[in-house]
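Asker: Residue 442 in the working numbering sits at position 74 of the sequence shown; the count goes up by one each step and never skips. Yeah, the Cβ is synthetic: ideal placement off N, Cα and C, and Gly gets one too. One structure, pasted below without further comment.
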Amino acid sequence: MTLSISSIWFKYIHSNFLLYNTCWEDSDIDRKLLCINKSTHLLSITSAGCNVLNYLLDQPSSIHCVDINPKQTALLELKAALIKKGDYELFWNFFGEGKSDGYDASFRSIKHMLSPASRKFWDTNIHSFSPKGKGFFYSGGAGMFAQFLNYILKKKQLRDVSIQLLHEPSKDRREELFKNIDRKLWNGLEKKLWKMPAILSFVGVPKSQIEAIGDLNVFMRDSLRYVFVEQNPINNYFWRVYIEGAYTKSCCPDYLKEENFQLLREQLENLHISTGGIKHFLSATDQQFDNIVLLDYMDWLTTDKQSELSNTWKLLLKKIRNNGQVLFRTAHRNADFLPDFIHEQINIEQVEQDWVQKNDRVGTYSGTYVGTLK
């Protein structure tokens, strides 16, 4: 099979970069849907590790996380090491502010806690946290996309009004501000740039998702209106961190809040981190799971990898407990892309779209689904 240039580029970005510096799925949604408790055994794709740390606050019996990109493993290992160190303000500086004075010395004090591959990665990338640089949230693939977004906002003189929109309590006023942004943002060359696979590769959007969405500009305009107008974005740390470059202590993921820090430290012993493909992990583990969180992984397997999709689900179905749940998001408008045998063994239901639009602060997926083993 001959790969296209865009496929080669996507594979290069995904193989050579830390792709996600923060998770791009709203874990508050997950936690409401899955009802994690002290008896829960959960499996999740690692991504940036934010969500699995949020899940830990619900005190599950165990969380196993796996990612095929070792750089994502390195990120979660660094977070875990800083939590173990026990200095909340240092942890906040790294992953709340994205910058830390003495970042290099701090890293040297914890690097022994990391796996060899993760130590090697951070030996050459810890400068991402330098206070002299742009900051951690503008590093990696998603960080480069965030820089591109801010460049466009600045070029179109929309940066100030975008920040104002993020902090505006009045819905009517947000509507006015959004119309001003919307009118300018989607005009000119940018309406084509947003769609380019080369650009979207930096945030890990595969070709299959681009095709499933259709007109990306229309989809994003509608999604952003829900996120910034219909919802109150004052607590939307997902978009604020990329526009403002840092979290604030009043607008950040739960795992970064000081009141949760001690509980997080206590729960780390229940976190198990692996590098590799999810199919390989499922083949090797004896663990049975109550919850499996697949993020948007299904979309990555819906083009030339239908056999991979089927084989992955066959393993998932063997590893999920009775009444266990599988949560996934997709750019597809329904779950019909899944093979028939999956629907025969698991009840897959789309989470009510109105509820998702009112509560999901990311807004970049067509649907959120929960499958329950029959």
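I'd like to know whether the C-beta atoms of residue 611 and residue 518 end up nearer to each other than 8 Å.
Answerer: Yes, they are a contact pair.
Asker: Give a yes or no on whether the C-beta atoms belonging to residue 585 and residue 559 are separated by under 8 Å.
Answerer: yes
Asker: For residue 428, is the classification buried or exposed, using 16 other Cβ atoms within 10 angstroms of its Cβ as the cut-off for buried?
Answerer: buried
Asker: Would you tell me roughly how many angstroms separate the C-alpha atoms of residue 434 and residue 646, rounded to the nearest one?
Answerer: 6 Å
Asker: State yes or no: is the C-beta of residue 431 within less than 8 Å of the C-beta of residue 640?
Answerer: yes
Asker: Give the straight-line distance between the Cα atoms of residue 620 and residue 686, rounded to the nearest whole angstrom.
Answerer: 36 Å
Asker: In the DSSP assignment, find the beta strand (DSSP E) that holds residue 418 and state where it starts and stops.
Answerer: No beta strand (DSSP E) holds residue 418; the alpha helix (DSSP H) holding it covers 418 to 424.
Asker: For residue 532 versus residue 521, is the C-beta spacing smaller than 8 Å?
Answerer: no
Asker: Contact between the segment 651 to 666 and the segment 692 to 706 is defined here as three or more beta-carbon pairs at a separation below 8 Å; is this criterion met?
Answerer: The answer is yes - the segment 692 to 706 touches the segment 651 to 666, with three or more Cβ pairs under 8 Å.
Asker: Work out the CA separation of residue 726 and residue 598 for me, nearest whole Å.
Answerer: 7 Å
Asker: Could you tell me which residues DSSP puts in a beta bridge with residue 697?
Answerer: 736
Asker: Can you say whether residue 444 is buried or exposed, counting buried as having 16 or more other CB atoms within 10 angstroms of its CB?
Answerer: buried
Asker: Is the CB of residue 637 under 8 Å away from at least one CB in chain D?
Answerer: Considering every chain present, this structure includes no chain D. It has just one protein chain.
Asker: Go through its chain and collect everything with a Cβ distance to residue 369's Cβ below 6 Å, but skip five positions before and after it.
Answerer: For residue 369, the predicted structure reports a pLDDT of 45, less than 50, and the residue's modelled location is therefore unreliable. A value from the coordinates is still provided. No residues qualify anywhere along the chain.
Asker: Determine, using beta carbons only, whether residue 410 and residue 404 come nearer to each other than 8 Å.
Answerer: yes
Asker: From this set, 441, 375, 593 and 487, which residue's C-alpha is nearest residue 549's C-alpha?
Answerer: 593
Asker: Are the CB atoms of residue 397 and residue 728 nearer to each other than 8 Å?
Answerer: Taking 8 Å as the Cβ cut-off, residue 397 and residue 728 qualify as a contacting pair.
Asker: Any idea what DSSP makes of residue 548, helix, strand or coil?
Answerer: helix
Asker: Could you say which of 547, 689 and 580 lies nearest to residue 563 if we only look at CA atoms?
Answerer: 580
Asker: Please state the DSSP three-state secondary structure of residue 380.
Answerer: helix
Asker: Just verifying my parser: in three-state terms, what is the DSSP assignment at residue 502?
Answerer: coil
Asker: Does the contact criterion of 3 or more C-beta pairs under 8 Å hold for the segment 567 to 576 versus the segment 490 to 497?
Answerer: No, the segment 567 to 576 is not in contact with the segment 490 to 497.
Asker: Using only alpha-carbon positions, find the residue among 470, 462 and 484 that is nearest to residue 441.
Answerer: 484
Asker: Are the CB atoms of residue 387 and residue 510 nearer to each other than 8 Å?
Answerer: The answer is yes: Cβ separation under 8 Å.
Asker: Mapping DSSP to helix, strand and coil, what is residue 718?
Answerer: The answer is strand: DSSP assigns residue 718 an E or B state.
Asker: Relative to the alpha-carbon of residue 449, which residue among 467, 438, 474 and 436 has its alpha-carbon at the smallest distance?
Answerer: Of 467, 438, 474 and 436, the residue nearest in Cα terms is 474.
Asker: For residue 659, report the span of its beta strand (DSSP E) as first-last.
Answerer: 657 to 661
Asker: To the nearest whole angstrom, what separates the beta carbons of residue 737 and residue 713, a pair I think is in contact under 8 Å?
Answerer: Contact flag wrong, Cβ pair sits at about 15 Å.
Asker: Within its chain, find whatever has a CB closer than 7 Å to the CB of residue 690; leave out the 5 residues flanking it on each side and keep chain order.
Answerer: Taken in chain order, the residues that qualify are 741.
Asker: Within a Cβ cutoff of 8 Å, which residues of the same chain sit near residue 547, ignoring the five residues on either side of it in sequence?
Answerer: none
Asker: Taking the beta strand (DSSP E) that residue 571 falls in, what are its first and last residues?
Answerer: Run containing residue 571: none; DSSP gives neither H nor E here.
Asker: So, with DSSP's three-state summary, where would you put residue 616?
Answerer: Three-state result, residue 616: strand.
Asker: CB-CB under 8 Å to residue 707, same chain, minus the five flanking residues each way: which ones, in chain order?
Answerer: 674, 677, 678 and 681
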